[in-house]
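Numbering (the working numbering), first residue to last: 480 to 1043.
So the structure is just underneath, and the comments pick up after that.
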């Protein structure tokens, strides 16, 4: 199957749209340079033609002057520089409707290059720090012509490899027609960018493919920030305009059956790989559409990998494994971007493959490896404001689904009450996350969210439910060096009067900063006997638990730096 110009009756192959050349007018495929006639120069007085060339040079020079530093960068060869100047010259002449004879074009490129090389070294830095990208310039001219010659709806149904082959052929024709000069590598980059715009997420595709990038934040068309190694940096890629950003945002949310427009200007969604996406557009986003993407690493994060990254100590990892296998109800607490969902995925690996698990999320992002998993996702209201399904309704429904474990992606509001009731009525081993800065604050927030359910319960009754339902709170934080660390493993012991009592099993104590900017400290055990040792004994894990609690403190400072 091929795609071509828009046709309601059939899809015509690209070859059908190539202009036919009569046999008698067909050019010799391999003309002899000695015998073939020279191309005639455009008619007109010689002085007039010289004026046209000079005017073309004067039109292009200001833009080249601004980008002189980048054009003359050491990594560019003279051929590369000439190619960039040629693309800019062709683009300017195309917009002004002026044509140059090939010899005149070469003279203009030579004159412009000579002017650039004649600039004093000190003045080359006065330009703007924009890199001249011939592929981007060519894309702006080629894309509208490409869209006119093809049927995008038919192309969307074809395999990407077949589309790429046909687009490559068509792009080569357009470049020849428009006299745009790109080498093979640049043509391949141009085709990739065009395909990303047609079928993918445009400028976001290379960032999504970069495994070092964990977060992508689009603040309008010209500012895309990414997080690498826990630190934010400005990406080089940009969108064309606000309409381009909005088009990509709508493509993301429509793939999961949601919408984003002026009547519903914010939306949570997910990508095909499970990455979480939030979109907010004008009028709520004043400076243009904003897209936030939380990527997931292709390599799954396990407890072993977290140990190797010093996110926690080996003894802490052992205790968490035992807590998971002993079917404790665990709440993971932390701030935004602290790694709560990643830790939840790692903890879920401790669940027995034979158990039935039901997950409940606003936007499905959990990546459980067990075979018996039912994934539930909330639904926003439709255009009439009806049909919304909240997490609270899903929690109530999942209790009728015979779950062995319930995993709630994040406690946000009144579903806290239903989750506590589930934990207190035989659904032990449940996991959930909550936004809080410390374990004690997590309990307070949980109590406040129970009140959001609209049921008036005495404070003592709510706290008693919390103390009976929650067994452990794991606090995780992203520190200023970008590294996520588990700062507390806190056990909920019971009640004393009207107060929920807790005890810290492990804590992280900050000690200093290494020369490379990373922080170091120690993971310390309290040495206390955990209250859930009874549960561990039931599963034959009591000895391993007590051995882990008796381990010495674990320092995160490299030995060679500690010796210094």
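Where is the CB? At the ideal position from N, CA and C, for every residue including glycine.
Q. To the nearest angstrom, how far is it from the Cα of residue 802 to the Cα of residue 685?
A. For residue 802 and residue 685, the distance between alpha carbons rounds to 40 Å.
- Reducing DSSP to helix, strand and coil, say where residue 1123 ends up. The requested residue 1123 is not part of the displayed model; the chain covers only 480 to 1043.
Considering only DSSP beta bridges, list what residue 723 is partnered with.
In DSSP, residue 723 forms no bridge with anything.
Where does residue 1010 fall in DSSP's three states?
Here residue 1010 sits in coil by DSSP.
Report task. Check whether the region 828 to 836 touches the region 760 to 775, counting contact only when three or more Cβ pairs, one atom from each stretch, lie closer than 8 Å. Result -> Contact between the region 828 to 836 and the region 760 to 775 is absent, because fewer than three Cβ pairs lie under 8 Å.
- Query: If you count every other CB in all the chains shown that lies within 10 Å of the CB of residue 775, and 16 or more means buried, which is it?
  - Reply: With at least 16 other beta carbons inside 10 angstroms of its own, residue 775 counts as buried.
Mind checking which residues open and close the alpha helix (DSSP H) that includes residue 584? Unbroken alpha helix (DSSP H) run through residue 584: 581 to 597.
Closest to residue 983 by CA distance: which of 837, 1010, 598 is it?
-> Nearest to residue 983 by alpha-carbon distance, out of 837, 1010, 598, is 1010.
Taking its Cβ as the centre, do 16 or more other Cβ atoms sit within 10 Å of residue 1021, making it buried, or is it exposed? Buried, by the Cβ-count rule.
| task | Return the chain-ordered list of same chain residues with a C-beta closer than 6 Å to the C-beta of residue 838, the five sequence neighbours on each side being excluded. | result | Its chain contains 845, 854, 886 as the residues whose beta carbon lies nearer than 6 Å to that of residue 838, once the 5 sequence neighbours on both sides are disregarded; these appear in chain order.
Buried or exposed: which applies to residue 752, given that a residue is buried once 16 or more other Cβ atoms fall within 10 Å of its Cβ? Exposed, because fewer than 16 other Cβ atoms sit within 10 Å of the Cβ of residue 752.
- Message: Between residue 556 and chain D, is the shortest Cβ-Cβ distance under 8 Å, so that the two count as touching?
- Response: Absent here is chain D; the protein component of the structure consists of one chain.
Determine the DSSP secondary structure at residue 855, reduced to helix, strand or coil.
Note: residue 855 maps to strand in three-state DSSP.
For residue 871, the first and last residue of its enclosing alpha helix (DSSP H)
Here the alpha helix (DSSP H) through residue 871 covers 870 to 877.
Note to self: Please tell me whether residue 1044 and residue 893 are closer than 8 Å, where the distance is taken between their beta carbons.
What the structure shows: In this structure the chain extends from 480 to 1043, so residue 1044 is not present and cannot be described.
Note to self: Between 997, 757, 1015, 1013, which has its C-alpha nearest residue 709's C-alpha?
What the structure shows: Between residue 709 and the set 997, 757, 1015, 1013, the nearest pair of CA atoms involves 997.
If distances are taken between C-alpha atoms only, which option among 559, 655, 882 comes closest to residue 592? Of 559, 655, 882, the residue nearest in Cα terms is 559.
Worksheet entry | Classification of residue 880 by the beta-carbon crowding that lies within 10 angstroms, buried from 16 upward | Counting of Cβ neighbours within 10 angstroms places residue 880 among the exposed residues, the total staying below 16.
request  = Between the Cα of residue 901 and those of 884, 707, 912, 916, spot the shortest distance and give me the residue it belongs to.
outcome  = For the residues 884, 707, 912, 916, the minimum Cα distance to residue 901 belongs to 884.
*For residue 747, count neighbouring Cβ atoms within 10 angstroms of its own Cβ and tell me buried if that reaches 16, exposed if not.*
Under this definition residue 747 is a buried residue.
| message | When you compare the region 717 to 737 with the region 793 to 812, are there three or more beta-carbon pairs, one atom per stretch, that lie closer than 8 Å? | response | Between the region 717 to 737 and the region 793 to 812, the count of Cβ pairs shorter than 8 Å is below three; the stretches do not touch.
*asked:* Rounding to the nearest angstrom, what Cα-Cα distance links residue 1017 and residue 715 in this structure?
replied: In a straight line, the C-alpha of residue 1017 is about 56 Å away from that of residue 715.
Notebook entry, point to check: At which residues does the alpha helix (DSSP H) containing residue 919 begin and terminate?
Noted result: Residues 918 to 930.
**Nearest neighbour of residue 856, chosen from 597, 698, 840, 850 [CA to CA]** = Checked all of 597, 698, 840, 850; the closest Cα to residue 856 is 840.
- Which of the three DSSP states, helix, strand or coil, is assigned to residue 941? Helix.
Worksheet item: Looking at C-beta atoms only, is the number of pairs between the region 690 to 707 and the region 655 to 662 that lie closer than 8 Å three or more?
Response: In short, these stretches do not touch, since the Cβ pair count stays below three.
Subject >> Where residue 521 falls: helix, strand or coil (DSSP) >> reply: A caution first: residue 521 carries a pLDDT of 47, below 50, which makes its placement in the model unreliable, though a value can still be read off. In the structure shown, residue 521 sits in coil (DSSP, three-state: anything other than H, G, I, E or B).
Beta carbon of residue 951 nearer than 8 Å to that of residue 807: For residue 951 and residue 807, yes; Cβs fall inside 8 Å.
**Asked** Given that a residue counts as buried once 16 or more other Cβ atoms are within 10 Å of its Cβ, and exposed if not, what is residue 1002?
**Response** Under this definition residue 1002 is a buried residue.
**Study point:** Residues of its chain near residue 1032, where Cβ-Cβ distance is below 6 Å and the 5 sequence neighbours each way are ignored
**Key:** Excluding residues within five positions, the ones whose Cβ falls inside 6 Å are 1001, 1003.
ask   = What are the start and end residues of each continuous alpha helix (DSSP H) run of 4 or more residues lying completely inside the region 745 to 832, in chain order?
value = Unbroken alpha helix (DSSP H) stretches of 4 residues or longer found wholly inside the region 745 to 832: 782 to 787, 793 to 804, 819 to 827, given in chain order.
Ignoring anything shorter than 3 residues, give me the beta strand (DSSP E) runs that lie fully in the region 950 to 998, in order along the chain. The qualifying runs are 951 to 957, 963 to 975, 978 to 992.
Between which residues of its own chain and residue 577 is the CB-CB distance below 7 Å, once the five residues before and five after are set aside? If we look at residue 577 and ignore the five residues flanking it on each side, its Cβ neighbours are 531, 535.
Next item on the list: Take residue 792 and list the residues in its own chain whose beta-carbon comes closer than 6 Å to its own, dropping the five residues that flank it on each side.
Entry: Shown here for residue 792: same chain residues with a beta carbon closer than 6 Å to its own, the five before and five after excluded, namely 1002, 1033 in chain order.
According to the Cβ coordinates, are residue 597 and residue 566 closer than 8 Å? No. Outside cutoff.
Tell me the residue span of the alpha helix (DSSP H) that contains residue 904. Careful: residue 904 lies outside any alpha helix (DSSP H) and carries neither H nor E.
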